[in-house]
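Contents: one structure, followed by commentary.
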Amino acid sequence: MTPCFFGSSERQLFGMHHPAQGAERATGVVLCYPAAQEYMLTHWAFRKLAGMLAREGFHVFRFDYYGTGDSAGEVHEGRVASWVQDIRLAVAELQDMTGVQRVALVGMRLGAALAVRAAAEGLSTAGLVLWEPLVEGATYLKELELLQTRRAARTLFPQVDSPLEVREELLGFAFPRPLREDILALDLAAMPAWPSTRTHLVAAGPKPEYQRLQQHLEATGLPFQHHVVREEGGAGGGQESALLSNRILQTITSLLKEVA
Numbered sequence: 001m002t003p004c005f006f007g008s009s010e011r012q013l014f015g016m017h018h019p020a021q022g023a024e025r026a027t028g029v030v031l032c033y034p035a036a037q038e039y040m041l042t043h044w045a046f047r048k049l050a051g052m053l054a055r056e057g058f059h060v061f062r063f064d065y066y067g068t069g070d071s072a073g074e075v076h077e078g079r080v081a082s083w084v085q086d087i088r089l090a091v092a093e094l095q096d097m098t099g100v101q102r103v104a105l106v107g108m109r110l111g112a113a114l115a116v117r118a119a120a121e122g123l124s125t126a127g128l129v130l131w132e133p134l135v136e137g138a139t140y141l142k143e144l145e146l147l148q149t150r151r152a153a154r155t156l157f158p159q160v161d162s163p164l165e166v167r168e169e170l171l172g173f174a175f176p177r178p179l180r181e182d183i184l185a186l187d188l189a190a191m192p193a194w195p196s197t198r199t200h201l202v203a204a205g206p207k208p209e210y211q212r213l214q215q216h217l218e219a220t221g222l223p224f225q226h227h228v229v230r231e232e233g234g235a236g237g238g239q240e241s242a243l244l245s246n247r248i249l250q251t252i253t254s255l256l257k258e259v260a
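Each residue of the sequence shown is one higher than the one before, starting from 1 at the first, in the UniProt record's numbering.
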């Protein structure tokens with residue numbers, strides 16, 4: 001692994017390059033993290049996925065969005081539009097570092113929505129893998145609110161939280177109002193079709209919003225496949241098993257080998 005900083009001197013981003021091992025493929029992979037507490041929960045899985053892909057001959061690049069992780073900026077400066085631009089910069093950085101001609105994107109949760117937005121706004125990709133994607137921003141924020149309520153109820157002295165619309169944090173992470181408004185506006189099933197070789201949705205179980213996204217993309221003629229990958233041994237599916245699933249990592253690796 002090779003750590004680096006990229007972007008402008010005023011807006012430096014932290015990245016990690018996993019060099020291809022063995023025969024190098026002409027396609028590289030940029031991994032797009034989820035946000036906040038999901039970033040913390042999935043960091044090890046992204047590192048493991050990067051290693052798996054590198055062993056298959058992919059140059060892999062993972063990075064922190066501006067205002068997150070080890071990148072410059074403050075948490076309250078995070079915005080969807082700037083994070084989409086960060087994906088563009090990460091793709092360009094990987095191409096400059098390695099000479100790969102094409103780059104596929106793998107994004108989880110909010111990272112998947114950001115990857116789609118980048119593609120819809122003209123970023124050329126070899127393919128998209130959407131891992132438990134955020135399809136509707138409003139649904140995503142409601143899920144975080146529910147988790148916050150459950151966590152508060154388990155404390156020794158529960159307190160009544162402020163309403164979501166005025167709260168500046170969720171689950172211990174900053175969610176300033178401008179970022180919440182950006183996320184609320186996200187709806188992948190309402191976006192115009194994006195140019196991509198193929199889009200794969202990989203999840204531990206079905207959801208109504210995944211079906212809605214599939215119907216939208218099939219109506220636009222975009223090549224799309226939905227893969228339900230349940231963890232062997234039966235954790236029951238759902239988001240938590242998706243965060244801990246080796247089978248999903250193996251599935252993503254296999255799908256990317258098809259587009260390389």
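For glycine and all other residues, C-beta sits at the position ideal for the given N, C-alpha and C.
Check	Outcome
Gly28 and Phe58 closer than 8 Å at C-beta	yes
Run of the beta strand (DSSP E) containing Gly107, from where it starts to where it stops	Arg102 to Met108
Host alpha helix (DSSP H) of Gln211 (start-end)	Pro208 to Thr220
Boundaries (first-last residue) of the alpha helix (DSSP H) holding Met191	Note, Met191: premise wrong, no alpha helix (DSSP H); not H, not E.
Reference Arg117, options Asp182, Thr2 and His227, closest by Cα	Asp182
Residues of its chain near Leu217, where Cβ-Cβ distance is below 6 Å and the 5 sequence neighbours each way are ignored	Phe224
Environment of Ala185 [buried if 16+ CB atoms lie within 10 Å]	exposed
Status (buried if at least 16 other CB within 10 Å, exposed otherwise) for Gly78	buried
Buried versus exposed call for Glu74 [16 or more other C-beta atoms within 10 Å across all chains shown]	exposed
Cβ separation of Leu130 and Thr199, assumed to be a contact under 8 Å, to the nearest whole Å	7 Å
Cut-off 8 Å between Cβ atoms - residues of its own chain near Gln12, not counting five sequence neighbours on either side	Phe5, Phe6, Ser71 and Ala72
Met1 versus Asp86 - alpha carbon distance	20 Å
Leu156 classed as buried or exposed, judged by whether at least 16 other C-beta atoms fall within 10 angstroms	Note on Leu156: pLDDT 47, under 50, position unreliable in the model; the coordinate value appears next. Exposed: under 16 other Cβ atoms inside 10 Å.
When Gln95, Met40, Ala36 and Val80 are compared against Phe61, the one with the closest alpha-carbon	Gln95
Simplified DSSP assignment, three categories, for Gly15	strand
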